[in-house]
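Residue numbers (the numbering used here): 3 to 227.
Yeah, the Cβ is synthetic: ideal placement off N, Cα and C, and Gly gets one too.
All remarks here apply to the structure that follows.
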Ligand SMILES: NC(=O)c1ccc[n+]([C@@H]2O[C@H](COP(=O)([O-])OP(=O)(O)OC[C@H]3O[C@@H](n4cnc5c(N)ncnc54)[C@H](OP(=O)(O)O)[C@@H]3O)[C@@H](O)[C@H]2O)c1
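See below:
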């Protein structure tokens, strides 16, 4: 099977995906720091926004994980916040896709998975900057799904709050965790493995007809009152 590139496999959801995939296929990870898990995979320590991306042969699949949770009222959000959220969520993904999409075009069942957030489809206070960036990313997913069909599938996953280093500031004590859990109809905080499970499905043969989708892992928050 051709290689899987995970950008952001050192932590959080990406680390769960890497842990699932290293026994199944050849994996390449890109992140600024190396993953804690050991095993048979290739790692490149680099910043996806500023460093040159490595050549990778026999690549068919990309999962781009870097993102942001930058929650502030509009009075505190600076233009620079919007720019930096756009950079890590959108420009980073675009850099990676532009670097490798010709290779993916030649591969069998090529696919890409990006990450949005439930705060695009649900109005959530203090999310203007991240919602702007992720909303743009959802547009990229639908547009590229049209442009790349039938050779490359591209989908996104939109999680609600998930227990990863990115969300540590929002889940930093029991009280905050309970409050966050209580906001969700399913009364739970999502584990990164659950989101990784959907990413694993989207890059698998079982999802061979799925493209242009944004799928929520949301503990019920987007559709249930
Ligand atoms: N966690 C949540 O509650 C939540 C909710 C909604 C949406 N999401 C979205 O889900 C995705 C994954 O989130 P997560 O919580 O797993 O994030 P995370 O815990 O912050 O992990 C992000 C990964 O990306 C890497 N990374 C970040 N910036 C990078 C850069 N400039 N260059 C290279 N690698 C970089 C990090 O590694 P290094 O630090 O080693 O570089 C890490 O491996 C994100 O797009 C996020 O916006 C998350």
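C-alpha gap between residue 31 and residue 79, whole angstroms: For this step, residue 31 is matched to residue 29 along the chain shown. For this step, residue 79 is matched to residue 77 along the chain shown. One alpha carbon belongs to residue 31, the other to residue 79, and they sit about 32 Å apart.
Return the CA-CA distance between residue 177 and residue 66, expressed in angstroms with no decimal places. On the chain shown, position 175 is the one that residue 177 refers to. On the chain shown, position 64 is the one that residue 66 refers to. Note on geometry: alpha-carbon atoms of residue 177 and residue 66 lie some 32 Å from one another.
Indicate, with yes or no, if ligand 1 has a heavy atom lying under 7 Å from the CB of residue 68. Within the chain shown, numbered from 1, the residue matching residue 68 stands at position 66. Within the cutoff, so yes.
With a cut-off of 8 Å on the beta carbons, I'd call residue 10 and residue 33 a contact; round off their distance for me. Translated into the one-based positions of the chain shown, residue 10 becomes position 8. Translated into the one-based positions of the chain shown, residue 33 becomes position 31. A Cβ-Cβ distance of about 5 Å is found for the pair residue 10 and residue 33, placing them in contact under the 8 Å criterion.
Near ligand 1: residue 199 beta-carbon under 7 Å from a heavy atom: Sequence index remark: in the chain shown, residue 199 carries index 197 (1-based). Taking non-hydrogen atoms of ligand 1 into account, the C-beta of residue 199 is found less than 7 Å away from none of them.
Per DSSP, the bridge partner or partners of residue 161: Taking the first residue of the chain shown as 1, we reach residue 161 at position 159. 219.
Quick one: using the 10 Å Cβ neighbour count with 16 as the cut-off for buried, is residue 36 buried or exposed? Here residue 36 is taken as the residue at index 34 of the chain shown, counted from 1. Residue 36 sits exposed, since fewer than 16 C-beta atoms from the chains shown fall within 10 Å of its C-beta.
Compute the minimum distance between the beta carbon of residue 117 and the heavy atoms of ligand 1, and state whether it is under 7 Å. Residue 117 sits at position 115 when you count from the first residue of the chain shown. At least one heavy atom of ligand 1 lies less than 7 Å from the C-beta of residue 117.
I want to know whether the stretch 125 to 141 touches the stretch 62 to 77 - three or more CB-CB distances under 8 Å. By the Cβ rule, the stretch 125 to 141 counts as touching the stretch 62 to 77, because three or more pairs are nearer than 8 Å.
Would you kindly work out how many angstroms separate the C-alpha atoms of residue 164 and residue 199, rounded to a whole number? Position 162 of the chain shown, counting from 1, holds the residue named residue 164. Position 197 of the chain shown, counting from 1, holds the residue named residue 199. C-alpha separation (whole angstroms): 13 Å.
Residue range of the alpha helix (DSSP H) that includes residue 138: For the purposes of this step, residue 138 is taken as the residue at position 136 of the chain shown. Where residue 138 is concerned, the enclosing alpha helix (DSSP H) stretches over 130 to 150.
Alpha-carbon to alpha-carbon, residue 205 and residue 154: By 1-based counting over the chain shown, the position of residue 154 is 152. By 1-based counting over the chain shown, the position of residue 205 is 203. Straight-line Cα distance between these residues: approximately 11 Å.
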